[in-house]
Amino acid sequence: MLYHSTRSRAVQADSAQAVLQGLSPDGGLYVPAAMPRLDVAACLAAPSAQAMAEQILTAFLPDIPDMAALVRRAYAGKFETEELTPTAAAGAFTVTELFRGPTSAFKDVALCMLPQLLSQARRALGVQEEILVLTATSGDTGKAALRGFQDVPGVKICVFYPHGGVSSIQRAQMVTQPGKNVSVFAIRGNFDDAQTGVKAIFAACPEGKLGNTRLSSANSINIGRLVPQITYYFKTYQDLLRRGTVAMGEEVNFAVPTGNFGNILAGYLSKQLGLPVGKLLCASNANNVLTDFLTTGVYDRRRSLRRTISPSMDILVSSNLERLLYFMSSDAQVREWMRQLHSQGFYTLPKEILHTIQQDFYGGFCQDSQAMAVIRRVWERQGYLLDPHTAAAWAVAEEYQAAAGDQRPLAVLATASPYKFPAAVLEALGETPSRNAFANLEALRRKTGIPIPENLAAVERLPERHTAVIEKAEMLTQVQGLCR
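Here it is in structure tokens:
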């Protein structure tokens, strides 16, 4: 299957090459030359989440063989339930629990799969060189990627995260990660600095190599990271069908907390495949660059990044938005917008393109105080505990329904366990959190009676292995050292 760059249709790769490279040589992101065909009814009738994932992945990545075996190795026995992403009723909304994986975050759905895809792509293409997977994280991607790639033969992984810009539990998950092939660095800067630094390393290596090492990515700029996320939209719809909440063909709205736009772009791709998706509600925190964009058509990163209680959305440059722009325009237009964003810090869409985007997307945001109020209210009224990111999506869902009067069934994507942000959740519930993150885990358990995920409880007992804090200008130097 042919893929090409969002910035030039002349830059092409098959699906295995696109996964292996991660980022296109011209700095663009790989997109399918044509949307693959998928039998939606057959997919929704799949007997298991794994079978559903196999159909979707095979449609998008046909050049990677033995997909059934790869899916089995990726998921079997690694999640709390074989459903992978179960759904729960919470008042008028359905909650899709994307945090039941081995690191308690939605990134597990993709990052359990990506190492299998990348390793198989490497074999299929006969690549002998070692691969270094570069990853920038605003909190959750880092640990999920580190765990997924731990001790994978022929592959190293290097993660960069913003120093002081992730929760204490997120940091502890990363700095305690074992594995002979893993490296973790905190950078003095924010997530956008980390993401820009990773892209700059790729740009400095136009053939995708540094010495004898091939570079790849575990961020959602890699199509192999993005495609597995489509599965949980189909799985949610299947659950609603089985419960009788919807009949086949009835549309479902989705409220999605997102910073880098990958989580919600998977919903858009689901809709393009034929899944009955209604409105996609793009939920941001106080870093509301996406809300402004979806409202005005102006993408403007010329603002200060705010640190919030939902750090995984503390992002001002949403990389995956580039793919949506390509689907709405052309490679030449995307190339020009990205040039403007780099040189001027903003770009403006034509009104007709903005109008087309608004048919599928709604943008809203949630301040910290509002998110905390939602956490408390939903717990008290529904008995359901939200993390701060999911609370933002819940708030935007309520705002949208009140403004639009749209009463189609709505699913809120729950992206992380509340135990990854225990201090914020405790405070939302009226408690005074401790400075000790692990004491807060226990306090939250006592308050709610909800068990602490074992993978988080175990972190306290592990030694810190990766404590380096570097300047963002040092990222390339560190990567060069790993490639020797």
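Just add 12 to the spot in the sequence shown (first one is 1) and you have our numbering. Beta carbons are placed, not taken as given, at the ideal position from N, Cα and C, and that holds for glycine. Every value quoted in this text rests on a predicted model; they were computed, and no experiment measured them.
Please classify residue i: is it buried, with 16 or more other beta-carbons within 10 angstroms of its beta-carbon, or exposed?
i	result
P190	exposed
R458	exposed
E466	exposed
R237	buried
T479	exposed
A435	buried
K168	buried
T308	exposed
M260	exposed
R255	exposed
D78	exposed
I68	buried
P44	buried
E66	buried
S355	exposed
R315	exposed
Can you look up residue i in the DSSP assignment and give me helix, strand or coil?
i	result
P44	strand
F377	strand
A404	helix
H16	strand
V145	strand
P98	coil
Y173	strand
R473	helix
K90	coil
V258	coil
F214	helix
S60	coil
Y359	strand
T479	coil
D75	coil
G279	helix
A426	strand
F273	coil
G151	coil
Y311	strand
V329	coil
L50	coil
N265	strand
V167	strand
L397	coil
L222	strand
D38	coil
Once the 5 residues before and after residue i are set aside, which same chain residues still bring their CB inside 6 Å of it?
i	result
F273	S330, N332 and L333
L50	A71 and L285
D312	F358
R318	A298 and N299
M186	G154, K155 and V196
Which stretch, first to last residue, makes up the beta strand (DSSP E) that contains residue i?
i	result
F197	V194 to R200
V23	S20 to D26
S180	Where S180 is concerned, there is no enclosing beta strand (DSSP E), although the alpha helix (DSSP H) it sits in stretches over S180 to V187.
T225	T225 to S229
K291	V289 to S296
Tell me where the alpha helix (DSSP H) around residue i begins and ends.
i	result
Y431	Careful: Y431 lies outside any alpha helix (DSSP H) and carries neither H nor E.
G113	Careful: G113 lies outside any alpha helix (DSSP H) and carries neither H nor E.
K242	With the sequence shown as reference, residue 242 is identified as Ile, and Lys is not the correct amino acid for it. I242 to R255 is the extent of the alpha helix (DSSP H) around I242.
R351	D343 to Q356
R237	I235 to L238
G138	First-last for G138: undefined, no H or E at that position.
M105	Looking at the sequence itself, residue 105 is Phe, so the reference to Met does not match. Segment F105 to E109 is the beta strand (DSSP E) holding F105; no alpha helix (DSSP H) there.
T489	M487 to L494
N452	A449 to T460
L441	Careful: L441 lies outside any alpha helix (DSSP H) and carries neither H nor E.
L123	K119 to L123
For residue i, which residues from the same chain have a beta carbon less than 7 Å from its beta carbon, with the 5 sequence-adjacent residues on both sides left out?
i	result
G113	K90, F91, D120, V121 and C124
Y244	T97, T108, L110 and V121
V310	D304, F358 and T360
Q379	A298
Measure from the C-beta of residue i to each C-beta in chain B and report whether the shortest distance is under 8 Å.
i	result
F72	Within the model displayed, chain B is absent; a lone protein chain is all it includes.
Take residue i and list the residues in its own chain whose beta-carbon comes closer than 8 Å to its own, dropping the five residues that flank it on each side.
i	result
S131	V164, P165, G166 and V167
L438	T444, P445, N452, A455, L456 and K459
R496	G223
Decide yes or no for the touch test of the region 243-261 against the region 400-413: beta carbon pairs closer than 8 Å, at least 3 of them.
Counting C-beta pairs with one atom in each stretch, the region 243-261 and the region 400-413 have fewer than three that are closer than 8 Å, which means they do not touch.
Would you call the region 357-367 in contact with the region 389-409, where contact means no fewer than 3 C-beta pairs closer than 8 Å?
Here the region 357-367 makes no contact with the region 389-409; the two share fewer than three CB pairs at distances below 8 Å.
Counting Cβ pairs closer than 8 Å, one from the region 340-358 and one from the region 277-296, do we hit at least three?
These segments do not touch.
Kindly confirm or deny that the region 24-38 and the region 213-229 touch, where touching means at least three C-beta pairs closer than 8 Å.
At 8 Å Cβ cutoff, the stretches touch.
Is the number of C-beta pairs between the region 161-177 and the region 448-462 that are closer than 8 Å three or more?
Verdict: no, contact absent.
So does the region 485-496 actually touch the region 208-217, counting three or more Cβ pairs closer than 8 Å?
Taking a contact to require three or more Cβ pairs closer than 8 Å, the region 485-496 and the region 208-217 qualify as touching.
For the region 131-141 against the region 419-428, are there 3 or more C-beta pairs whose distance is under 8 Å?
These segments do not touch.
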